[in-house]
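Notes for the one structure printed next.
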Amino acid sequence: MSARILLVTGAGGVGKTTISAAAGVTAARRGISTLVVTVDPAKRLADALGVGNLGNLPTHVTGEPKLWAAMLDVAASWEAIVARHADPEVGDKLLANPYFRAIADRFPAAQAYAAGEQMAEFVESGSWDLVIVDTPPSVGGIDFLLAPGQARDLIGGKLLRWLTGAKVPARRALYRVTARPVLRLADMVLGGPLLEEIADFLLDLRTLYDGVEQRAKGVERHLRSARTVVVTNAYPTPMREARRFFEELPEGSVVPSAVVFNRELPHEWEQISAVPANGSDLDQRSWTALRDNLLRWATEARRNADARADFAARYGATLASTPWKPQPPTDLDALADLVAASNGLDEALFA
Amino acid sequence: MLSRRLLLVSGKGGVGKSAVATSLAMAAARQGSRVLLMGMVDALGLAVHLGVDDLGPEPRETHPGVYAAVIDRAQALDEYLRLQVRVPKAMPTKQLTRALNVLVETAPGVREIVSMGKPIYEAQRRVWDVVVLDAPPIGQLISYLRAPATIERLVPTGAVQRQAASMRRFLANPDRAGLLLVTIPEELPITETIDALTELAAEPLIDLAGVVANRVLPDLDLDASIVASLPPGAMRDAAELHQTLFTQQAFWLDAIGKATWLPHLFGVMTPGEVAARLTDVWEMQ
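Chains as they are written, first to last, in this note's numbering: chain A, 19 to 369; chain B, 20 to 304.
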């Protein structure tokens, strides 16, 4: 039995990890056997959940009988893909290849796809009812959904075809291919036999294709049926990432169930535009400082309200929010409280 | 900061890197400099800060003295080959470019060196008093800065190798190039900035021109007892919220050490407004 999937996405630094952990605690306390998967290199989820060294293997959360957590090491996941889909001999050659390292490090799609494969393993294992994925911060949310297709293109020889023409040659023909005048000229300009090495590498990479193609389809199916919440705040960069979920969503995907504005200022401040004169016994300087401070934060609250309203009007998105707290939650009860004290987050996650 | 020919502006995503780069360019232009502002990552990002619809690879004067352009990788590759590696015009560039595009996508350092080649070329042209580069986020920046040395190892001889060596020297020369790191006083951005500073201190890649702490809250200069004596309500809540954030910020500002502070702009929403307001702040400093 496959687990249901909840994707918690959005730009880095908006509190995705906290929302994921809070959703996990809430689900587990309702009797749903839950795994929270994060790709965040920071140890914040581990700290909040009270599990010391999270690794690729799910760890049981002490004090929560139904909750597990795991942290994906994306570099290691990518090596796992090679191990799974390549012949051992080719696999070793690939992993030792400097071009392979460059691709693995640099293509966010490759990293996101590696995380997606790992997620699919957990989902299909039958060990959990719900798998919550805190999407990688390096790939602004939506790229996680697009990654399987991009990884397939990459491995399927898109680059190789650029290099060698419409038909991908057999390895025997490679010598003749690289001996084509243009490539020879290119290597002459560059000062080394780079393109020949690259063509050789891309042929090795292509041997992964059949395995990856099949797996990528499975990962894609999981991702398209997943419930998604997009976490953001009113700043331009996170808002831009959130917009992409409504403008670039792959066909057949489920529309995000909500856009969560995390750590919102009190909404009643939005109405404050003037403060009556000093009626207290405070000295005038202190009172002026306090009044100006309130008016500044009220302006900020109105700005946030405008950003939310604009988003809702433009995309018809369901909004949810969590209130600002002086400190982020540091234990399981505080995480559960976060969902309870929110505005619409519970429905967005579980309804 | 703007005494060098090339200023790279970087920082963690979302800290206001593009707004700071734009405002610095506009402030320099107001002082009479002819400035080229280049975007490396996405055209739209820089365009909204400048208040224009779009930017292309050709520099365009968006404000008096401010010329802006974004790096288009295909064109950058073509220019890199013609202007820097000096590939003769007679070569079949279309096929060559296709083959080299594969190289750009796969070989370590090549994509980076092609992108960095353009601003360095512009900075050496003496058409501009200064080139301000809205550089990739801090996490990717180090690999861009290391790219010339990577290429020098990958390609043993020839024009590409010579060009890479000259780029490496240009970036490492404090009279020519410098790096401005933008951050905000919060845990993750400060931690990333400190990590980057440590890495840069260990390797002579580029001179640090400075650190900018963005969105710094004003000091209310109020005794805690005054806030505690207020009756419950919005005024007290706002004061407590401010003081909590102010204390947290003070800790992270202390951790980062010497930095230029830019104020938090309350209620300012659009990127264009932010850049315009920050330009005024730079002028006053």
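Here a beta-carbon is modelled for each residue, glycine too, at the ideal position from N, C-alpha and C.
Thinking residue i and residue j are a contact (beta carbons under 8 angstroms), I'd like their distance in whole angstroms, please.
i	j	result
Ala38 (chain B)	His82 (chain B)	Incorrect: roughly 15 angstroms between the Cβ atoms, too far for contact.
Val249 (chain A)	Val26 (chain A)	6 angstroms
Val231 (chain B)	Leu281 (chain B)	6 angstroms
Val54 (chain B)	Val151 (chain B)	6 angstroms
Ala217 (chain A)	Leu181 (chain A)	6 angstroms
Gln182 (chain B)	Gln103 (chain B)	5 angstroms
Ile161 (chain B)	Glu218 (chain B)	6 angstroms
Arg392 (chain A)	Val272 (chain A)	With chain A running from 19 to 369 in the structure shown, residue 392 (chain A) is simply not present.
Ala44 (chain B)	Leu56 (chain B)	4 angstroms
Thr340 (chain A)	Leu356 (chain A)	6 angstroms
Lys36 (chain B)	Pro208 (chain B)	Not really, about 10 angstroms apart at Cβ, beyond 8 angstroms.
Glu211 (chain B)	Ile157 (chain B)	6 angstroms
Val71 (chain B)	Asn233 (chain B)	Not a contact, Cβ separation roughly 22 angstroms.
Ile37 (chain A)	Ala244 (chain A)	Contact doesn't hold; Cβ gap of about 15 angstroms is too wide.
Ser29 (chain B)	Val149 (chain B)	Wrong, their Cβ atoms sit about 16 angstroms apart, outside the cutoff.
Val247 (chain A)	Leu367 (chain A)	6 angstroms
Which one or two residues does DSSP pair with residue i in a beta bridge?
i	result
Ile150 (chain A)	A:Leu24, A:Val54
Glu282 (chain A)	A:Pro341
Glu131 (chain A)	A small correction: the amino acid at residue 131 (chain A) is Tyr; Glu does not occupy that position in the sequence shown. Beta-bridge pairing links Tyr131 (chain A) to no other residue.
Met89 (chain A)	A:Thr56
Ser29 (chain B)	B:Leu200
Asp226 (chain B)	B:Gly197
Gln282 (chain B)	The sequence shown places Pro at residue 282 (chain B), rather than the Gln named in the question. Its beta-bridge partners are B:Val235.
His78 (chain A)	A:Trp86
Val54 (chain B)	B:Val85, B:Val149
Asn361 (chain A)	A:Ser339
Excluding the 5 residues preceding and the 5 following residue i in the sequence, name in chain order all residues of the same chain whose CB lies nearer than 8 angstroms to its CB.
i	result
Phe140 (chain A)	Ala21, Leu53, Val55, Pro76, Ala88, Trp146, Val149
Ala127 (chain A)	Val157, Asp161, Leu164, Ala165, Gln168, Ala169, Leu172
Glu97 (chain A)	Leu113
Leu208 (chain A)	none
Which residues in the same chain as residue i place their Cβ atom closer than 7 angstroms to its Cβ, once the five residues preceding and following it in sequence are excluded?
i	result
Leu283 (chain A)	Trp315, Glu318, Ala319, Asn322, Trp342
Ala39 (chain A)	Val54, Leu63, Ala66, Leu67, Leu353
Glu80 (chain B)	Tyr86
Leu212 (chain A)	Asp205
Leu312 (chain A)	Ile290, Val293
Trp301 (chain B)	Ser42, Leu43, Ala46
Glu98 (chain B)	Lys137
Gln302 (chain A)	Asn296
Ala104 (chain A)	Leu112, Thr225, Leu226
Please return the same chain residues whose Cβ sits closer than 6 angstroms to the Cβ of residue i, not counting the five positions on each side in sequence.
i	result
Leu190 (chain B)	Ala196, Ile225
Ala294 (chain B)	Ala38, Thr41, Ser42, His68
Leu27 (chain B)	Leu152, Ala154, Leu198
Phe118 (chain A)	Leu112
Val317 (chain B)	The question about residue 317 (chain B) has no answer here: the residues shown for chain B are numbered 20 through 304.
Lys34 (chain A)	Val26, Gly28, Asp152, Val249
Ala66 (chain B)	Asp73, Leu74
Gly58 (chain B)	Leu65, Val89, Asp153
Ala231 (chain A)	Strictly speaking, residue 231 (chain A) in this sequence is Glu, with Ala absent from that position. For Glu231 (chain A), where only same-chain residues beyond five positions count, the Cβ hits under 6 angstroms are Arg170.
Gly8 (chain A)	No information on residue 8 (chain A) is available, as it lies outside the stretch 19 to 369 that chain A covers here.
Thr9 (chain A)	Limits of chain A in this structure are 19 at one end and 369 at the other, which puts residue 9 (chain A) out of reach.
- Contact between the segment 169-184 of chain A and the segment 215-231 of chain A: three or more CB pairs below 8 angstroms? yes
- Query: In the segment 147-173 of chain B, which residue ranges form an unbroken beta strand (DSSP E) of at least 3 residues, counting only runs that do not cross its ends?
  - Reply: 149-153
- Message: Three Cβ pairs or more, each shorter than 8 angstroms: is that satisfied between the segment 284-300 of chain A and the segment 41-52 of chain A?
- Response: no
- Looking at C-beta atoms only, is the number of pairs between the segment 322-340 of chain A and the segment 270-280 of chain B that lie closer than 8 angstroms three or more? no
- Item | Three-pair Cβ contact test at 8 angstroms for the segment 117-125 of chain B versus the segment 155-171 of chain B | no
- Does the count of Cβ pairs from the segment 304-313 of chain A and the segment 238-250 of chain B closer than 8 angstroms reach three? yes
- Message: Below 8 angstroms, how does it come out for the segment 87-100 of chain B and the segment 130-144 of chain B: are there three or more Cβ pairs, yes or no?
- Response: yes
- Message: Please give me, in chain order, every unbroken run of the alpha helix (DSSP H) with length at least 4 that falls completely inside the segment 64-113 of chain B.
- Response: 92-98
- Item | Segments assigned beta strand (DSSP E), at least 3 residues, entirely inside the segment 240-317 of chain A | 245-250, 276-282
- Item | In chain order, each alpha helix (DSSP H) run of at least 4 residues that lies wholly inside the segment 177-213 of chain B | 178-191
- Are there three or more Cβ pairs, one per stretch, closer than 8 angstroms when the segment 275-291 of chain A is compared with the segment 336-350 of chain A? yes
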